[in-house]
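One structure is given below, encoded as structure tokens.
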Amino acid sequence: MTRVFSTIFAVLLFARPVAAFDLVLEVPTPTEGSDVKVLLDPADSEAALHLAAIYRPGSRTEKREEIGPFGPGGEIVWRPSHAGITRLLAHDPADGGATERATRNVAVRFRHPPPGGILIFLFAGGFLFGGAILAMRWALAGEASAARRAKRRGAPST
Amino acid sequence: MAEAARDQWKSKIGFILAASGSAIGLGNIVFFSANAYRFGAGAFYIPYLIALVLLGIPVMMMELGLGHRAQRGFPEAMYQSAGVKGEWVGWFGLLNASVITMYYITILGWVLGMLIGAFGSLWQPTAVSAFGIEKGVLSNSMAHFFDMVSRGDTMVYVLIVWILNVSAVWWGTKSIEGLVKVCVPLMWLFMFILILRGITLPNGTQGLLLLFAPNFEVMKDPEVWQGAFSQIFFTLSLGFGIMATYASYLPRKSDQPTNALTISFLNCAFEYAAGIAIFSLLFCFAIVPRASTLSMTFFVIPEGIGAFPVGTALFGVLFFTLLLMAGITSSVSLIEAVGAGIIDKFGFSRRKTLLVVSVIGAAGSCCFAIPTVIDPALRSNGTLGLSLLDLFDHWAFSYGLLTCGFLECIFIGWVGGAHKLRASLNEHSRLRIGPIWDWMIKIVIPLVILLVLVNSLRQEFRNGLYGSALETGRLANLHVLVLALYLAFTIGGAFVLTGAGVYHRRRRRRAAILLDEEKR
Chain A
1 MTRVFSTIFA VLLFARPVAA FDLVLEVPTP TEGSDVKVLL DPADSEAALH
51 LAAIYRPGSR TEKREEIGPF GPGGEIVWRP SHAGITRLLA HDPADGGATE
101 RATRNVAVRF RHPPPGGILI FLFAGGFLFG GAILAMRWAL AGEASAARRA
151 KRRGAPST
Chain B
159 MAEAARDQWK SKIGFILAAS GSAIGLGNIV FFSANAYRFG AGAFYIPYLI
209 ALVLLGIPVM MMELGLGHRA QRGFPEAMYQ SAGVKGEWVG WFGLLNASVI
259 TMYYITILGW VLGMLIGAFG SLWQPTAVSA FGIEKGVLSN SMAHFFDMVS
309 RGDTMVYVLI VWILNVSAVW WGTKSIEGLV KVCVPLMWLF MFILILRGIT
359 LPNGTQGLLL LFAPNFEVMK DPEVWQGAFS QIFFTLSLGF GIMATYASYL
409 PRKSDQPTNA LTISFLNCAF EYAAGIAIFS LLFCFAIVPR ASTLSMTFFV
459 IPEGIGAFPV GTALFGVLFF TLLLMAGITS SVSLIEAVGA GIIDKFGFSR
509 RKTLLVVSVI GAAGSCCFAI PTVIDPALRS NGTLGLSLLD LFDHWAFSYG
559 LLTCGFLECI FIGWVGGAHK LRASLNEHSR LRIGPIWDWM IKIVIPLVIL
609 LVLVNSLRQE FRNGLYGSAL ETGRLANLHV LVLALYLAFT IGGAFVLTGA
659 GVYHRRRRRR AAILLDEEKR
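In structure tokens:
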């Protein structure tokens, strides 16, 4: 059931973690389907960390993709397979990926505007705003005609 | 006893602005975006629009028609339609709305606190001394919020919001109309400015693609449909008795189906616009939204605004002013619905009723603002007030509203007769409502609501009573106590008020008989 004013804040998730590593992208806002270099800072080959991407985290369409291990210089090439908000995380496969050593939220740009998206944008906008304008016109036209009728009768309108 | 002339809206536009202002609240601005993100973005619009047509508009017509036909507040309108049992549903709905009003106004008090903070301190690192949290550990907005709710002066903000609300309803429709004629157009203007700012940020237009790009896989997921139907029910302020009350102030010859369409479309169009503003912000700053109005309002969006290259304070003030206006136009309607229900039933004077309602309501709101820290590690909600709010909200919003909507449809559809209400709706309507509407009210909508309720209860049984996992310190059974209080207040209170209503009617009848005999 959808909660409207759910207040379980899970504050600890918001707290800024004191991470030993950081993830740095060559291009801060990469594009879907294009390669981008991800650097582990500081580069640490001892840690043998792997990179994973979680597309649209926290949604019903969340998808996790294992990208692979960081190279000796602490870098890896990632080709985002989906656009949208993505969570990149460096983890240690030795503990089953349970410990996140570094995370970063990244906005992945759309390569092309999705036709389905444009259709929904236009349809929903047209339906809602069109419906609102039409219904308001009807509602206020009723009032205007009532006012005209009242004027003819010489009575005040409500 | 001669009845005083009933208050009426001065103009149709006044009514439309008041009703749409009531429907447009905090949930429209932030919660829709969180839901849309969670349920597959663009594809979510399909179940959402279907829910609007199948559930939202028909129930809106029913509530407006009910109040307009009776020209009375919700409980009396339900009594006239479905007898004493209907009246009980009316009181249950209003008492449930009272609980929501109390904590809603507390939230607005916090919005006021954040608005004041938006002029400066909100954007600076803050230490949260009550929790022993140092500067920089939490995000600026989160630290500011927890620092604020753990201090007693929040109660002052809550009382200020109560005073604003009572002033707005004091003179009835006249003062409500005055408020909405300023606030609702300003809300649209502020939203337009936020959209402009959002889409002109670097990659802002990509946020639009994020909002509308569909992933049709989610259409197979029943939870997405459930989310859409719940969203529509909540966003249109159904099940509160507000629409019935507002429509009861309309002249006899007014067109309710057209009004229902206007209010529903305006509300959802605002939600659509808010989605654009919020998603451009989310994409631009790569923020993951959370399915909670409070988290979105107080942490996520301020975090995005705090990252603006210029105009942080200006847009922060704009955002919280927008929220405050949207919240007040909604809370005013809640107070009016509760007050009108009592006045119409018992014939008390408006000002005395409002004073009593506001004193009790303000006391309740202050309980939700209690700053006592019961969860020092901030694993759950931190303070006692926030924990109470969380627990009461769960029962009042997730169950109370839907239960009221379900019972309303059953009693109006089967006891009062949906066809009779339809005939009354068609009397002055430009659009002719067909018999299919009767079946929607009698079967389809109650069935949908029942499915949502049963699914929620199933989850409740599976996961344990809501709140049992909350960190509440020494108040280990707080969740049980809250449930008991909620049930006593809403269900028990509805029995008491219905009984008082029956007694009041008998006394009036007896007085009328005595008067008749005296005349003879």
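These protein sequences, in sequence, are chains A and B.
Heads up, the first sequence is in our numbering, so the first residue is 1 and it goes up one at a time.
Heads up, the second sequence is in our numbering, so the first residue is 159 and it goes up one at a time.
Glycine included, C-beta positions come from ideal geometry on N, C-alpha and C.
Discussion item. Short of 8 Å Cβ to Cβ, which residues in the stretch 388-415 of chain B face chain A?
Written reply: S388, Q389, F392, P409, K411, S412, D413
Worksheet entry | Pairwise C-alpha distance: A554 of chain B and P460 of chain B | 27 Å
Practice prompt. Mind checking who D41 of chain A pairs with in its DSSP beta bridge?
Written response: A:D22
Worksheet item: Does the stretch 425-444 of chain B touch the stretch 98-115 of chain A, meaning 3 or more C-beta pairs lie closer than 8 Å?
Response: yes
Worksheet item: Since K503 of chain B contacts G294 of chain B with CB under 8 Å, what's their CB separation in whole angstroms?
Response: The pair is not a contact, with the Cβ atoms about 55 Å apart (cut-off 8 Å).
Item to complete: Compare the C-alpha of I712 of chain B against each of B:S538, B:P216, B:V188, B:S489 and name the closest.
Response: Nothing can be reported for residue 712 of chain B, as the shown portion of chain B is limited to 159 through 678.
Discussion item. Please identify, using Cβ separations under 7 Å, the residues of the stretch 103-115 of chain A that lie next to chain B, in order along the chain.
Written reply: N105, V106, A107, R109, F110, P113, P114
Discussion item. Just verifying my parser: in three-state terms, what is the DSSP assignment at I8 of chain A?
Written reply: Low per-residue confidence applies at I8 of chain A: pLDDT is 47, beneath 50, and the placement is therefore not dependable enough to give any value.
Worksheet item: Rounded to a whole number of angstroms, what is the C-alpha to C-alpha distance between F277 of chain B and T479 of chain B?
Response: 12 Å
Worksheet item: For I174 of chain B, which option in B:L639, B:Q414, B:H552, B:V517 has the closest C-alpha, if you only look at C-alpha atoms?
Response: B:Q414
Worksheet item: Does the ligand MN have a heavy atom nearer than 7 Å to the CB of V612 of chain B?
Response: Looking at this structure, you won't find the ligand MN or any other ligand, since it has none at all.
Practice prompt. Mind reading off the beta-carbon distance from A53 of chain A to T86 of chain A? Whole number of angstroms is fine, and I expect it under 8 Å.
Written response: A Cβ-Cβ separation of about 5 Å places A53 of chain A in contact with T86 of chain A under the 8 Å criterion.
Fill in: Straight-line gap, V27 of chain A to A495 of chain B (C-alpha atoms, nearest Å)
54 Å
Worksheet entry | Test: G131 of chain A CB closer than 8 Å to a CB of chain B | yes
Worksheet item: So what does DSSP say about K411 of chain B, is it helix, strand or coil?
Response: Assigned with DSSP and collapsed to three states, K411 of chain B falls in coil, not helix or strand.
Practice prompt. Would you verify that the beta carbon of P93 of chain A is, or is not, closer than 8 Å to some beta carbon of chain B?
Written response: no
Worksheet item: If you compare alpha carbons, which of B:I486, B:F428, B:A576 is closest to N186 of chain B?
Response: In terms of Cα proximity to N186 of chain B, the closest of B:I486, B:F428, B:A576 is B:F428.
Worksheet item: Roughly how many angstroms lie between the CA atoms of L12 of chain A and G310 of chain B, to the nearest whole one?
Response: Because the pLDDT at L12 of chain A is just 44, under 50, the model does not fix this residue reliably, and the value given afterwards should be weighed accordingly. Distance between the alpha carbons of L12 of chain A and G310 of chain B is about 24 Å.
Discussion item. Closer than 9 Å between beta carbons: that is the criterion. Which residues of the stretch 46-75 of chain A meet it against chain B?
Written reply: R56, P57, G58, S59, R60, T61
Practice prompt. Work out the CA separation of N425 of chain B and L184 of chain B for me, nearest whole Å.
Written response: 12 Å
Discussion item. I'd like to know if the stretch 636-653 of chain B and the stretch 589-599 of chain B are in contact, where contact means that at least 3 CB-CB pairs between them fall below 8 Å.
Written reply: no
Worksheet item: With a cut-off of 8 Å, do at least 3 Cβ pairs link the stretch 269-283 of chain B to the stretch 665-672 of chain B?
Response: no
Discussion item. To the nearest angstrom, how far is the alpha carbon of S157 of chain A from that of T403 of chain B?
Written reply: For S157 of chain A, the predicted structure reports a pLDDT of 41, less than 50, and the residue's modelled location is therefore unreliable. A value from the coordinates is still provided. Cα to Cα, the separation comes out at about 21 Å.
Practice prompt. Please state if the CB of G543 of chain B and the CB of P534 of chain B are separated by a distance shorter than 8 Å.
Written response: No, the Cβ-Cβ distance between P534 of chain B and G543 of chain B is not below 8 Å.
Fill in: Residues sharing a beta bridge with Y55 of chain A, DSSP
A:K63, A:T86
Discussion item. If contacts are defined as beta-carbon pairs under 8 Å, then I67 of chain A and G200 of chain B qualify, I think. What distance do you get, rounded to the angstrom?
Written reply: So it is not a contact: roughly 26 Å between Cβ atoms.
Fill in: As assigned by DSSP and simplified to three states, the class of E75 of chain A
strand
Discussion item. Less than 7 Å between C-beta atoms, sequence neighbours within five positions excluded: which residues of the same chain meet that for S6 of chain A?
Written reply: Only weak support exists for where S6 of chain A lies, its pLDDT of 48 falling under 50; the value from the coordinates is given anyway. Hits under 7 Å: none found.
Worksheet entry | Top-ranked residue by Cα proximity to F70 of chain A, from A:A20, A:L51, A:E62 | A:L51
Practice prompt. Identify, in the order they occur along the chain, each residue of the same chain with its Cβ nearer than 8 Å to the Cβ of M219 of chain B, setting aside the five sequence neighbours on each side.
Written response: Q414, P415, A418, L583, I591, W595, listed in sequence order.
Fill in: Proximity winner among B:T541, B:A652, B:G563, B:G575, relative to L636 of chain B (alpha-carbon distances)
B:T541
Worksheet item: What residues in its chain sit with their C-beta under 8 Å from that of F569 of chain B, if we drop five residues either side in the sequence?
Response: M236, S239, A240, K243, G244, V247
Item to complete: Run through the stretch 177-235 of chain B for me and flag every whole alpha helix (DSSP H) of 4 or more residues, listed as ranges in chain order.
Response: 190-196, 203-209, 215-228
Item to complete: Answer with yes or no whether the minimum CB distance from W78 of chain A to chain B is below 8 Å.
Response: no
Worksheet item: Which stretch, first to last residue, makes up the alpha helix (DSSP H) that contains T393 of chain B?
Response: 380-393
Fill in: Backbone secondary structure at E100 of chain A - three-state DSSP
strand
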